[in-house]
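J.: For the sequence shown, the working numbering gives the first residue as 63, with consecutive numbering after it.
A virtual CB, placed ideally from N, CA and C, is assigned to each residue, including glycine.
Since we're looking at a predicted model, the values are computed, not measured.
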Amino acid sequence: MKIDWSEYVGKTLNITMFENYGMIYDIKSEAPLYEIVFKTGKLVAAYDEGLMLEAVRESRTVKIFVPNSSIKCVEIF
């Protein structure tokens with residue numbers, strides 16, 4: 063199934079990533095814990111290769127490119 067992302071441009075997306083990019087150290091078990099990583103932002107463009115989001119971090123606007131191969135799930139608001 064192919065989604066036409068153009069109808070969602072301007073909407074806020076919360077993307078769950080396939081990869082576990084985040085890592086924290088659990089003091090109790092003395093082992094690293096991997097966190098599921100989310101990317102959240104306004105959809106500003108959709109390409110064959112992935113989605114471009116725009117988000118504000120520390121009072122700065124940043125663009126985030128998320129490749130299709132990294133997307134596990136998308137919530138649309």
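(1) How is the beta strand (DSSP E) around glutamate 111 delimited, first residue to last?
(2) Whole-angstrom Cβ separation of isoleucine 126 and lysine 101, contact assumed at under 8 Å?
(3) Assuming lysine 134 is part of the beta strand (DSSP E), what are its boundary residues?
(4) Is tryptophan 67 closer than 8 Å to leucine 115 when the C-beta atoms are compared?
T.: Straight from the coordinates:
(1) Here residue 111 is taken as the residue at index 49 of the sequence shown, counted from 1. Run containing glutamate 111: none; DSSP gives neither H nor E here.
(2) Within the sequence shown, numbered from 1, the residue matching residue 126 stands at position 64. Within the sequence shown, numbered from 1, the residue matching residue 101 stands at position 39. With a Cβ gap of about 6 Å, isoleucine 126 and lysine 101 count as contacting.
(3) Counting from one through the sequence shown, the residue named residue 134 turns up at place 72. Looking at the DSSP string, the run of the beta strand (DSSP E) that includes lysine 134 is 133-138.
(4) Against the sequence shown, residue 115 aligns to sequence position 53. Against the sequence shown, residue 67 aligns to sequence position 5. Contact annotation: leucine 115 and tryptophan 67 have beta-carbon atoms that are not nearer than 8 Å.
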